[in-house]
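Each residue of the sequence shown is one higher than the one before, starting from 262 at the first, in my numbering.
Even for Gly, the Cβ is constructed at its ideal location relative to N, Cα and C.
These notes concern the structure reproduced below.
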Amino acid sequence: MEGWAGPLGALIGFVLGWLEYKLIGGTVTAALRRTNPSKTQAEHDDYERRIRLLRAILLVLMVGGMPVLGYVIGRTLFG
């Protein structure tokens, strides 16, 4: 089990990160769209661009960061 602790932790971290991204990303996106203060089409397009940017940042942090954290925890605790 020693050699598998890091990769298994990374896999678990990836799954948890993906789940977290879907839940939080969906909730935040829905809330932002519901409270959109845009009055013109240009403002609306800019607001949507910012939402896409936020989702990309969340994807990188959650799906990219959680496997690293899982790997480190797996190696530290079990390997």
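- In the pairwise beta carbon analysis, the segment 323 to 338 is classified as touching the segment 273 to 289: at least three pairs are separated by under 8 Å.
- DSSP, reduced to helix, strand and coil, places T301 outside both helices and strands of the structure shown, so it counts as coil.
- Setting aside the 5 residues that flank it on each side, E309 has no residue in the same chain whose C-beta is closer than 7 Å to its C-beta.
- Taking C-beta separations shorter than 6 Å and ignoring five residues to either side along the sequence, the partners of N297 in its chain run Y308, following chain order.
- Look at T290 here: in three-state DSSP terms it is helix.
- By the Cβ-count criterion, A271 is buried, with 16 or more other Cβ atoms from all chains shown falling within 10 Å of its own Cβ.
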